[in-house]
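Working notes, beginning with the structure itself.
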Amino acid sequence: MIIQRFLEFKPRRDNLVGSYAIVLTDLNDEIKVKNNYLSSHELEILGKLDHKNRVESFCAGRLAAKKSITLLNPDYLASEVSIIPGLLENPIISSKPQLNLNISISHSQSFAFAAATSSICPIGVDTEVISNENFKEYSELSTRTEILLTMKVFQENELSSAARLWTLKEALSKAIKCGFTIPLGLLEIISFEEELKSRCVFKNFPQYRGISFNYKDNMFAICLPYSVNIHDNFP
């Protein structure tokens, strides 16, 4: 299963494009991905992975990323585009000619999720399984006030809200390229916009907004600058 769609920005801008893709982690066809989607550099990275789960996750993540990239740039072959780790381990696109895009990738036990945007627009994504096994970990990342607020806005249970908050905060941490290396209280969410309840407001990063949705027992989040919004064309 592969879902790939354009990010439809509001307002439209000539120099701003984006897309996302969702891929099942259990591909059952890693050979096809290796032959058709991975660059020589990525094949080297893959060859160093020694666990089946890591191989599946890597292949699914790269497939989602390449689907996002080639949707925006259909003239490029996926295998001629490399996604390499930057100095902070964030994914960087390398291609000839060089594509002026940002890319963000996330994996859960079930899905890989990737999004690409023009280089002028930072982006971060995350996906997590909505699972009771992860509830303690999810809930420890947020305050009781944040969880109760999210439950009220989305009319959902505590587990879903804790997972939603986690994905929103991790997406932000990727957009600002620090990951969960900063004091996690800095990622606090203080509200959701009245007109667009899916957009959250971060207390210490007001220049960003987080957008979340759930699909097949997974929570997904995208973080973008506050000055752009996207039409809700999520599954």
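Residue numbering for the sequence shown follows the numbering used here, starting at 1 and increasing by one per position. Note that the Cβ used here is the ideal one computed from N, Cα and C, for glycine as well.
Under the Cβ criterion (8 Å, minimum of three pairs), the region 223-233 does not count as touching the region 137-150.
Here DSSP, grouped into helix, strand and coil, assigns Tyr208 to strand. For Leu172, the three-state secondary structure derived from DSSP is helix. Thr127 counts as buried, since no fewer than 16 other beta carbons sit within 10 angstroms of its beta carbon. DSSP, read as helix, strand or coil, puts His107 in strand. With fewer than three CB-CB distances shorter than 8 Å, the region 181-192 does not count as touching the region 69-84. When secondary structure is reduced to three states using DSSP, Glu8 falls in the coil class, being assigned neither helix nor strand.
The region 80-99 makes no contact with the region 26-35: fewer than 3 CB pairs, one atom from each, lie closer than 8 Å.
Counting the other CB atoms within 10 Å of its CB gives Glu89 a total below 16, which places it among the exposed residues. Between Ser108 and Asn218, the beta carbon gap of about 6 Å places them in contact (Cβ cut-off 8 Å). Within the model, the alpha-carbon separation for Ser198 versus Glu133 is close to 25 Å.
The region 11-26 makes contact with the region 110-117, as at least three CB pairs between them are under 8 Å.
Counting along the chain, Thr70 sits inside the alpha helix (DSSP H) bounded by residues 52-72.
Around the Cβ of Glu194, a 10 Å sphere holds fewer than 16 other Cβ atoms; the residue is exposed. According to DSSP, Leu101 shares a beta bridge with Ser118. A distance of 8 Å or more separates the beta carbons of Gly210 and Ser173. As computed with DSSP, Cys200 is found in a beta bridge with Phe192, Gly210. Out of Leu63, Phe220, Arg13, the CA that lies nearest to the CA of Lys32 is found in Leu63. Nearest Cα to Phe220 within the set Pro183, Thr181, Gln207, Glu170: Glu170. Short of 8 Å from the beta carbon of Ile147, and not among the five residues preceding or following it, lie these beta carbons of its own chain, in chain order: Ser139, Glu158, Ser161, Ala162, Leu165.
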